[in-house]
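If you're matching positions, the sequence shown starts at 101 in the numbering used here and goes up one per residue.
Cβ coordinates follow ideal geometry from the N, Cα and C atoms, glycine included.
Here the structure is a predicted model, which means the values were calculated and not measured.
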Amino acid sequence: MRLFDKTGVIHVHTRYSDGAGTVRRVAQAAVRAGLDFVIVTDHDTLAGLENGDEGWYDRRGRIVQGARPAGRAGRTLVIFGYEISPDDGNHFLALGLDEVVPKEEGPPAYVREVARRGGLGFVAHPVYPPPRRYPLKTFPWTARDVRGFAGVEIWTYSVDWLTDVTTLPRLAAAVAAPDRFVDGPFPEALAWWDALCREAWARGRRVPGIGGADAHGILYSYRRMFRAVRTHVLLDRDWTGDAAADKRAVLEALREGRAYVAYDGLQDATGFRFFAEAGDVEVPMGGVVRLHDGSRPGSRERLRAGAEHRPAGRGHGPPGRVVLRARAPVPCVLTLRTP
């Protein structure tokens with residue numbers, strides 16, 4: 101089955117909360133950065149959705165009808181969710197809702213309520229180390245016993261580089277060259293995600309991972325932030341041009357785990373594919389392979405996992421393919437991480 105790789109940035113703030121830019125400015129930056137979609141998650145508000153700001157935008161920041169390929173003459177779909185933001189941390193990205201949910205009763209209540217309303221909830225910046233040399237309020241996810249969320253933001257770009265900035269000279273250097281201070285997802289966040297995946301799989305569930313920018317347009321421009329950590333979704337059909345239908349397609353891909361995180365600031369990953377095979381059955385990211393002897397507890401059967409990159413056009417990097425073979429216990433969860 102053909103899948104359509106769409107590039108997006110999740111976790112963006114505008115003037116509706118503590119961001120520096122308007123929705124129009126965010127949309128312009130997204131189009132010029134080559135994004136197919138951007139998900140705005142202002143703190144504790146869906147004002148952008150309520151004010152009719154959701155839809156397809158052109159490079160002038162105007163809402164238009166219909167989709168076009170991303171780029172200079174392209175269009176970007178702006179989607180609104182919001183960030184549930186208690187003062188003491190445990191922030192939560194709530195997508196696919198029409199109104200905010202109460203946050204006063206704590207993570208168990210709002211995680212449950214987002215799911216009950218049919219929304220899609222992701223734990224935001226689960227690991228948020230305090231900088232070593234200067235005071236900065238941090239917002240980690242400490243409610244590690246809570247379950248019921250859709251997934252986890254495994255890599256938050258702004259938190260990644262900020263924790264390595266320990267002096268004013270290093271801050272200046274980080275503003276000038278942020279890539280020097282980017283280490284990738286925190287090992288603790290990945291370890292927690294791995295544990296969640298194994299636990300959820302035993303119950304027949306998925307826990308997709310996403311990347312987040314946490315972009316505010318302050319130290320770095322939106323356009324610059326939009327060229328770094330991105331989340332690619334794999335759609336089972338191309339854009340329709342109808343904003344509501346295309347939004348549903350993006351959220352459904354995220355819900356099913358048909359997505360991957362890439363640092364596109366170094367190399368555009370569009371065209372990447374990770375799959376698993378058993379016999380003549382192949383499934384993409386987010387899919388399930390049912391093994392012939394999977395009914396036997398502790399059984400082992402040879403799986404074939406593969407990864408490849410098929411560039412979509414100029415500037416997308418060289419093609420490559422690697423096939424990995426392993427004998428895996430049943431059941432198992434396969435993930436792929438590249439340096």
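Next item on the list: Going by CA-CA distance only, name the one from R175, L149 and G152 that's closest to G161.
Entry: Here the question's residue 161 lines up with position 61 in the sequence shown. Between G161 and the set R175, L149 and G152, the nearest pair of CA atoms involves R175.
Item checked: Residues bridged to T176 (per DSSP) -> Mapped onto the sequence shown, residue 176 falls at position 76. Y157.
Next item on the list: Could you tell me whether the Cβ atoms of V350 and F137 are closer together than 7 Å?
Entry: As a working mapping, residue 350 is identified with position 250 in the sequence shown. As a working mapping, residue 137 is identified with position 37 in the sequence shown. Taking C-beta atoms as the reference points, V350 and F137 count as a pair closer than 7 Å.
Item checked: One or two residues paired with Y320 in a DSSP bridge -> Mapped onto the sequence shown, residue 320 falls at position 220. According to DSSP, Y320 shares a beta bridge with no other residue.
Next item on the list: Keeping to the same chain, check which residues put their C-beta closer than 6 Å to that of R306; ignore five residues upstream and five downstream.
Entry: Residue numbering aside, residue 306 sits at position 206 when the sequence shown is read from its first letter. Sequence-distant Cβ neighbours of R306 in its own chain, meaning closer than 6 Å and more than five residues away, are G357.
Margin query: Taking the alpha-carbon of D105 as reference, which of G119, E205, D338 and A250 has the nearest alpha-carbon?
Written below: Within the sequence shown, numbered from 1, the residue matching residue 105 stands at position 5. The shortest Cα separation from D105 among G119, E205, D338 and A250 belongs to D338.
Next item on the list: Could you check the C-alpha separation between S185 and G379 for me, to the nearest Å?
Entry: Walking along the sequence shown from the start, residue 185 turns up at place 85. Walking along the sequence shown from the start, residue 379 turns up at place 279. Approximately 47 Å, taken between the alpha carbons.
Next item on the list: Give every residue of the same chain whose Cβ lies closer than 8 Å to the Cβ of L366, excluding the five residues on either side of it in the sequence, and list them in chain order.
Entry: Counting from one through the sequence shown, the residue named residue 366 turns up at place 266. So the qualifying residues of the chain are D279.
Next item on the list: Would you identify the three-state DSSP class for L334, choosing helix, strand or coil?
Entry: What you label residue 334 is simply residue 234 of the sequence shown in a count that begins at 1. Under the three-state reduction of DSSP, L334 is assigned to strand.
Next item on the list: Would you kindly work out how many angstroms separate the C-alpha atoms of R303 and A295, rounded to a whole number?
Entry: Looking up residue 303 in the sequence shown gives position 203. Looking up residue 295 in the sequence shown gives position 195. Whole-angstrom Cα-Cα distance: 13 Å.
Next item on the list: Drop a sphere of 10 angstroms on the beta-carbon of N190, count the other beta-carbons inside from all chains shown, and report buried for 16 or more, exposed for fewer.
Entry: Here residue 190 corresponds to residue number 90 of the sequence shown, with the count starting at 1. Looking at its Cβ environment, which holds 16 or more other Cβ atoms inside 10 Å, N190 is buried.
Check: Going by alpha carbons, who is nearest to P208 out of V227, G248, P229 and A194?
Finding: Stepping through the sequence shown from its first residue, residue 208 is reached at position 108. That would be G248, whose Cα lies nearest to the Cα of P208.
Next item on the list: Could you say which of A376, V223, A276 and R390 lies nearest to A407 if we only look at CA atoms?
Entry: Working through the sequence shown from its first residue, we reach residue 407 at position 307. Ranked by how close their Cα comes to the Cα of A407, the residues A376, V223, A276 and R390 have A376 in first place.
Checklist line | Contacting residues, own chain, Cβ-Cβ under 6 Å from V119 (five flanking each side not counted) | finding: Reading the sequence shown from its first residue, position 19 is the one you call residue 119. For the sequence presented, residue 119 should be read as Gly rather than Val. Same-chain partners within the cutoff: H113, H316 and G317.
Notebook entry, point to check: Grouping DSSP H, G and I as helix and E and B as strand, with all else coil, what is P384?
Noted result: Reading the sequence shown from its first residue, position 284 is the one you call residue 384. Looking at P384 - three-state DSSP - the assignment turns out to be strand.
Next item on the list: Would you mind giving the Cβ-Cβ distance between A359 and T331, rounded to the nearest angstrom? I have them listed as a contact below 8 Å.
Entry: What you label residue 359 is simply residue 259 of the sequence shown in a count that begins at 1. What you label residue 331 is simply residue 231 of the sequence shown in a count that begins at 1. 6 Å between Cβ atoms; contact.
Checklist line | For D142, the first and last residue of its enclosing beta strand (DSSP E) | finding: Locating residue 142 in the sequence shown gives position 42, where the first residue counts as 1. Per DSSP, D142 belongs to the beta strand (DSSP E) from F137 to H143.
Item checked: Where R396 sits in the DSSP three-state scheme -> For this step, residue 396 is matched to residue 296 along the sequence shown. Residue confidence for R396 is low, a pLDDT of 47 falling below 50, so the modelled location carries little weight; the figure read from the coordinates is stated next. Residue state, collapsed to three classes: coil.
Check: Between R324 and the rest of its own chain, which residues show a CB-CB distance below 6 Å, the 5 nearest in sequence each way excluded?
Finding: Residue 324 sits at position 224 when you count from the first residue of the sequence shown. If we look at R324 and ignore the five residues flanking it on each side, it has no Cβ neighbours.
Next item on the list: From the DSSP output, in three-state form, read off A405 for me.
Entry: Along the sequence shown, one-based indexing puts residue 405 at 305. If DSSP states are grouped into helix, strand and coil, A405 belongs with the strands.
Checklist line | Straight-line Cα distance separating L195 from E205 | finding: One-based indexing of the sequence shown puts residue 205 at position 105. One-based indexing of the sequence shown puts residue 195 at position 95. Rounded to whole angstroms, the gap between the alpha carbons of E205 and L195 is 19 Å.
Next item on the list: Kindly indicate which three-state DSSP category I361 falls into: helix, strand or coil?
Entry: Along the sequence shown, read from residue 1 onward, the residue named residue 361 stands at position 261. Looking at the sequence provided, one finds Val at residue 361 rather than Ile. V361 falls in the strand class under three-state DSSP.
Check: Among L290, V381, A300 and G218, which one has its Cα closest to the Cα of E352?
Finding: Residue 352 sits at position 252 when you count from the first residue of the sequence shown. Across the set L290, V381, A300 and G218, the C-alpha of G218 shows the shortest separation from the C-alpha of E352.
Checklist line | Limits of the unbroken alpha helix (DSSP H) element including A349 | finding: Looking up residue 349 in the sequence shown gives position 249. Here the alpha helix (DSSP H) through A349 covers A343 to E356.
Check: Since W255 is in the beta strand (DSSP E), which residue starts that stretch and which ends it?
Finding: Locating residue 255 in the sequence shown gives position 155, where the first residue counts as 1. Looking at the DSSP string, the run of the beta strand (DSSP E) that includes W255 is G251 to T256.
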